[in-house]
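Report on one structure; see the data block that follows.
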Amino acid sequence: MKAYTEVFKALGDPTRLRIIHLLTLAGKELCVCEFVDSLEEPQYNISRHLKELRQAGLLTERKEGRWVYYSLNKDGGNFKDSLFKLVRSISVDKEDAKRLKERLGIRVKGECVLGIQKSYLLSKKGGGVRVKKTMS
9 MKAYTEVFKA LGDPTRLRII HLLTLAGKEL CVCEFVDSLE EPQYNISRHL KELRQAGLLT
69 ERKEGRWVYY SLNKDGGNFK DSLFKLVRSI SVDKEDAKRL KERLGIRVKG ECVLGIQKSY
129 LLSKKGGGVR VKKTMS
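So for the sequence shown, this note's numbering puts the first residue at 9; every next one is plus one.
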């Protein structure tokens, strides 16, 4: 029973719910910097939320060099499968998904290569700086 209460407690925060939602939309692991740019939240805040979600058993983490990737922890059978489907069906901030799609377009060979970008730099307000993908 305690494991279930920890899961629901972890999902009780809007930022953590948005993180899980992004992972359900992406269907693959995401780097910390991709969360930062997609959610427009500071890195320290995202890292704290990722830690809580991992401790609740909702995420797994994989380190590759200086990059840390997170994915949904599907160990747990039908409960977690149903939970992730439910979170995916929730209407969360559509801008999150739009920014994630743009951010994933920067990947090279399916891997994050840029680190944290300032979202306002990618916006018109920030001058519209764009990073072009140089490799296929």
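Using N, Cα and C, we set each Cβ at its ideal position, and we do this for glycine too.
| Asked | Found |
| --- | --- |
| Integer-rounded CB distance, given that THR32 should sit under 8 Å from HIS57 | Wrong, their Cβ atoms sit about 16 Å apart, outside the cutoff. |
| CB of VAL40 within 8 Å of CB of VAL76, strictly | yes |
| Pairwise C-alpha distance: VAL116 and GLN63 | 30 Å |
| Beta strand (DSSP E) segment containing SER97, residue limits | Not the beta strand (DSSP E): SER97 falls in the alpha helix (DSSP H), residues 86-97. |
| Enclosing alpha helix (DSSP H) for GLU60 [first to last residue] | 51-63 |
| Opening and closing residue of the alpha helix (DSSP H) in which LEU31 lies | 22-34 |
| Whole-angstrom distance between ARG74 and ILE28, CA atom to CA atom | 22 Å |
| Buried or exposed by the 16-neighbour rule on C-beta atoms within 10 Å, applied to GLU42 | buried |
| Span of the beta strand (DSSP E), counted from its first residue to its last, around VAL116 | That residue, VAL116, is in no beta strand (DSSP E); it is neither H nor E in DSSP. |
| 7 Å Cβ shell around SER46 - same chain, five flanking residues per side excluded | LEU30, ASP104, ARG107, LEU108 and ARG111 |
| Element boundaries [beta strand (DSSP E), containing LEU80] | 75-80 |
| Alpha carbon of LEU38 to alpha carbon of TYR78, nearest angstrom | 5 Å |
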